[in-house]
Amino acid sequence: MLSKISGSINFDNEFLYLVSINISQKLRFQQMQSSPLPYFSGKLPTKLKDEGTRLIISADDAIAHMMQLFRGLGCTDSTAQAVAQHLADASLCGVESHGVMRCLQYAEQFQSGYMDAAATPILTTDIGNNNTINGNGGIGIPAMTMAYQHATKAARQNGITMLAIRNLGHTGRHGAFADLAADDGVMTILIGG
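Laid out in structure tokens, this is it:
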């Protein structure tokens, strides 16, 4: 259990669990009230058990807290922002298992040295249509974003491309990266393991 991360912010398991549930619940409920779906029963779908008291905060507040958490653990501002926004988006999409609740896992992995909070991914090779992103032992979300930005550009130029990503931690919600490619008009096949 993490009870203190950096000098000014305190998180515990219960708080982060409540935040992870309520970002999704509150904002999706507001969206559904404005244009309710025919099958909406008043309870939002979730993979997690709806137990206990909930703390409702805005997505912006959750992102700000997560950014402070990740910066306190040694992440760069850009990494802290990318990861916080990715986790909030996953919770808002209803994929809470890959949302805000992952803060604890990531914090523990940064503190234990399993992931390097200060790592920055780099494109290590660019030979024709075969590319590799080295995550340098950091969290996988920035590396995945870099990979998809590079791969969609290469696919538009060459018709097809392949890219390998290695040496990284948890990569977040893969659907977010498929969405990036789709927004660029590119079909993607992602294989992870």
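Mind the numbering: the sequence shown is residues 685 to 877 in the working numbering, read in order.
Note that beta-carbon positions come from the ideal geometry of N, C-alpha and C, so glycine has one too.
Quick caveat: nothing in here was measured; it's all calculated off a predicted structure.
Handout entry: C-alpha gap between residue 835 and residue 742, whole angstroms
Key = Cα to Cα, residue 835 sits roughly 33 Å from residue 742.
Handout entry: the segment 811-821 in contact with the segment 755-763 per 3-pair CB rule at 8 Å
Key = In short, these stretches do not touch, since the Cβ pair count stays below three.
Handout entry: Proximal residues to residue 813 (C-beta, below 6 Å), its chain only, five neighbours per side dropped
Key = Closer than 6 Å at the Cβ level, and outside the excluded window around residue 813, lie 842, 845.
Practice task
Pull up the DSSP beta-bridge partners for residue 785, would you.
Solution key: As computed with DSSP, residue 785 is found in no beta bridge at all.
Exercise for the section: Measuring alpha carbon to alpha carbon, tell me which of 822, 808, 788, 791 ends up nearest residue 802. Expected result: For residue 802, the closest C-alpha among the options 822, 808, 788, 791 is that of 822.
Exercise for the section: Might you give, ordered along the chain, the residues of its own chain that have their beta carbon closer than 7 Å to the beta carbon of residue 839, omitting 5 neighbours on each side? Expected result: Correct list, in chain order: 845, 870.
Handout entry: Reduced DSSP secondary structure (H/G/I, E/B, other) of residue 741
Key = Three-state result, residue 741: coil.
Handout entry: Pairwise C-alpha distance: residue 750 and residue 792
Key = Using only the alpha carbons, I get a separation of about 14 Å.
Practice task
State the start and end residues of the unbroken beta strand (DSSP E) segment that holds residue 821.
Solution key: 814-822 is the extent of the beta strand (DSSP E) around residue 821.
Handout entry: Boundaries of the alpha helix (DSSP H) in which residue 774 is found, first to last residue
Key = Residues 761-776.
Handout entry: Buried versus exposed, by CB contacts within 10 Å (16 or more), residue 714
Key = Confidence in residue 714 is poor, its pLDDT being 46 and thus under 50, which makes the residue's placement unreliable; the coordinate value appears in the next sentence. Exposed, because fewer than 16 other Cβ atoms sit within 10 Å of the Cβ of residue 714.
Problem - Beta-bridge partners of residue 847, as assigned by DSSP - result: DSSP output for residue 847 lists 815 as bridge partner(s).
Practice task
Give the straight-line distance between the Cα atoms of residue 777 and residue 808, rounded to the nearest whole angstrom.
Solution key: When rounded, the distance between both Cα atoms is 32 Å.
Exercise for the section: Evaluate residue 875 with the Cβ neighbour count: other Cβ atoms within 10 Å of its Cβ, from every protein chain shown; 16 or more gives buried, anything less gives exposed. Expected result: Only exposed fits residue 875, as fewer than 16 other CB atoms lie within 10 angstroms of its CB.
Handout entry: Whole-angstrom C-beta distance between residue 766 and residue 826, which should lie under 8 Å
Key = Right, the Cβ-Cβ distance comes to about 5 Å (below 8 Å), so this counts as a contact.
Handout entry: For residue 725, three-class secondary structure by DSSP
Key = Annotation note: pLDDT 40 at residue 725 (below 50); position unreliable, coordinate value reported separately. Of the three classes helix, strand and coil, the one that applies to residue 725 here is coil, per DSSP.
Problem - Counted within 10 angstroms of its Cβ, other Cβ atoms place residue 867 as buried (16 or more) or exposed - result: Classification for residue 867: exposed.
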